[in-house]
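*Asks:* Dropping the structure in here first, questions after.
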Amino acid sequence: MHWLGKYPSNSPRVIGSFVGFASLLGCFVINEWIMGKRAMIQSNLLRNKMITANACYIFFLAGAYFPLLYTLPVQFQSVNNTSASQSGIRLIPLILGISAVTMMVNGILTFWRHYKPFLLLGAVFVLAGNAKIHGSNATTHTSAWIGYEILSAVGIGMALQIPVIANQALVSADDIAAVTTLTLFMENCGETLFVASCEGAFTNGLLSSLARNLPDIDSKTVLDAGATQIRHMFTGGELEDVLKSYLDGCKTSHLVTVACGATAGLISFSNAGPAAVSWAKLKLKKAHER
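For the record, in the sequence shown the residue sitting at position 21 is 10 according to this note's numbering, with numbers rising by one throughout.
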């Protein structure tokens, strides 16, 4: 996924990477089948639709969160002309917000055991926050991007740990370790896959924008320069076009996180919708009985 932005799709490196991935995936599937009840991914757990839905949810929620930690510093350093340390400081609202909301939601769950609303609301907040981050640019005010980060942080913190907790509650004590492993495995897969996908999307968006705006400049030179050196290599109109290309690359990367947030929202809605209907029918039935 990383090399797709740098090399053509028919490049031996790209083809070899996909072949290697397919081979390793096949070996993993065979190993899981041989391990049986000791496998990390157990078929009896996947047959439970709620467990599978929660695992898929955390897969896409990870894709809506972790790429931001890589793309936002690049955007801050290139487009907003901040140092590496300053770009890290600008991530504090996102990280602290997630920590604070996670602790608050976990406290609420100790006495209110309905987790599905948190999954749905979390996806809605992270989708809205990531969409606003996608729309940010060099002129976006500090208070605005802090608000966007907090909006995403509320959604991520509200839902990131819920699938693990929910899946543990859906199985017997003997299967808690297995279902926890399965859920965290899906989260790590989402993080790994979508971070690489967003990096490839960023590179592809950057190169496409450079080809449109500065066709005479070697794009490899811009890539090798990095976000912190482009202001030393270019000036005037060329610098403006390079910065615009960097912003286009970041926006392309943010689109992946927006798509992940939307997919997580669809999964949570398919989960919470039937439950809400059943709850409403039960309330109506009790009202008629009275």
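Positions of the beta carbon are idealized from the N, C-alpha and C atoms, including for glycine. Bear in mind that the values here come from a model prediction, so they are computed numbers and not experimental data.
1) Which class does Ala68 belong to by DSSP, given the choice of helix, strand or coil?
2) Would Ala216 pass as an interface residue toward chain D - the criterion being a Cβ-Cβ separation below 8 Å?
3) Between Thr129 and Ile19, what straight-line distance do the alpha-carbon atoms span, to the nearest angstrom?
4) Would you kindly report the start and end of the unbroken alpha helix (DSSP H) that includes Arg79?
5) Does the beta-carbon distance from Met147 to Leu182 come in below 8 Å?
6) Taking 7 Å as the limit between beta carbons, can you name the residues of its chain near Ala117, skipping five residues before and five after?
7) Identify the continuous alpha helix (DSSP H) that holds Gly179 and give its terminal residues.
8) What is the DSSP secondary structure of Val266, reduced to helix, strand or coil?
9) Out of Ala167, Leu159, Val68, Ile81, which one is the CA nearest neighbour of Ser125?
10) Is Leu173 closer than 8 Å to Val153 when the C-beta atoms are compared?
11) Mind checking which residues open and close the alpha helix (DSSP H) that includes Met24?
12) For Ser242 and Ser257, what's the separation of their Cα atoms in angstroms?
13) Kindly list the residues whose CB is nearer than 8 Å to the CB of Phe191, restricted to its own chain and excluding five residues on each side of it in sequence; keep chain order.
14) Classify Lys121: buried if its beta carbon has 16 or more other beta carbons within 10 angstroms, exposed otherwise.
15) Where do the ends of the alpha helix (DSSP H) carrying Trp134 lie?
16) For Glu180, count neighbouring Cβ atoms within 10 angstroms of its own Cβ and tell me buried if that reaches 16, exposed if not.
17) Are the beta-carbon atoms of Glu176 and Ala51 separated by less than 8 Å?
18) Could you tell me the alpha carbon to alpha carbon distance between Val3 and Ala251, rounded to whole angstroms?
19) So, using beta-carbon positions, are Gly224 and Gln150 closer together than 8 Å?
20) Looking at the structure shown, is Phe114 part of a helix, part of a strand, or coil, going by DSSP?
21) Looking at the secondary structure, which residues open and close the alpha helix (DSSP H) in which Ala155 lies?
22) If you run the structure through DSSP and keep just helix, strand and coil, what is Arg27?
23) In terms of residues, what are the limits of the alpha helix (DSSP H) holding Ser208?
24) Cβ atoms of Ala155 and Gly254: under 8 Å apart, would you say?
25) Is it buried or exposed for Leu105, if we count other Cβ within 10 angstroms and need 16 for buried?
26) Report the three-state DSSP secondary structure of Phe48 (helix, strand or coil).
27) Determine, using beta carbons only, whether Phe48 and Cys178 come nearer to each other than 8 Å.
28) So for Asn33, helix, strand or coil by DSSP?
29) What span of residues does the alpha helix (DSSP H) with Arg102 cover, start to end?
30) Below 8 Å CB to CB, which residues in the same chain sit around Gly77 once its five sequence neighbours on both sides are set aside?
31) Quick check on this structure: which residue in Met24, Trp22, Asn33, Ile23 has the alpha carbon closest to the alpha carbon of Ile165?
*Replies:* In terms of the structure at hand:
1) The sequence given here has Val at residue 68, not Ala. Val68 falls in the coil class under three-state DSSP.
2) You won't find chain D in this structure, because it holds only one protein chain.
3) Near 50 Å, if we compare the C-alpha coordinates of Ile19 and Thr129.
4) Run containing Arg79: none; DSSP gives neither H nor E here.
5) Note that the C-beta distance between Met147 and Leu182 is not below 8 Å.
6) Taken in chain order, the residues that qualify are Leu140.
7) That run of the alpha helix (DSSP H) goes 165 to 202.
8) Only weak support is given to the placement of Val266: the predicted model assigns it a pLDDT of 47, under 50, and the question is left unresolved by the model.
9) Ranked by Cα distance from Ser125, the first of Ala167, Leu159, Val68, Ile81 is Val68.
10) Between Val153 and Leu173, the C-beta spacing is below 8 Å.
11) Element bounds for Met24: 1 to 24.
12) About 23 Å.
13) Excluding residues within five positions, the ones whose Cβ falls inside 8 Å are Gly(-6), Thr60, Val63, Gly238, Cys239, Thr241, Ser242.
14) It counts as buried.
15) Per DSSP, the unbroken alpha helix (DSSP H) holding Trp134 starts and ends at 131 to 148.
16) So Glu180 ends up on the buried side.
17) Taking C-beta atoms as the reference points, Glu176 and Ala51 count as a pair closer than 8 Å.
18) For Val3 and Ala251, the distance between alpha carbons rounds to 28 Å.
19) The amino acid at residue 224 is misidentified as Gly; the sequence shows Thr. Contact: no.
20) When secondary structure is reduced to three states using DSSP, Phe114 falls in the helix class.
21) For Ala155, the enclosing alpha helix (DSSP H) covers residues 151 to 158.
22) Note: Arg27 maps to helix in three-state DSSP.
23) DSSP places Ser208 in the uninterrupted alpha helix (DSSP H) bounded by 208 to 214.
24) The beta carbons of Gly254 and Ala155 sit no closer together than 8 Å.
25) Reading off the sequence, residue 105 comes out as Lys, not Leu. Lys105 comes out buried.
26) Residue state, collapsed to three classes: helix.
27) Cβ atoms of Phe48 and Cys178: closer than 8 Å.
28) In the structure shown, Asn33 sits in a helix (DSSP, three-state: H, G or I).
29) For Arg102, there is no enclosing alpha helix (DSSP H), as DSSP marks it with neither H nor E.
30) Cβ within range, chain order: Pro62.
31) In terms of CA proximity to Ile165, Asn33 leads the group Met24, Trp22, Asn33, Ile23.
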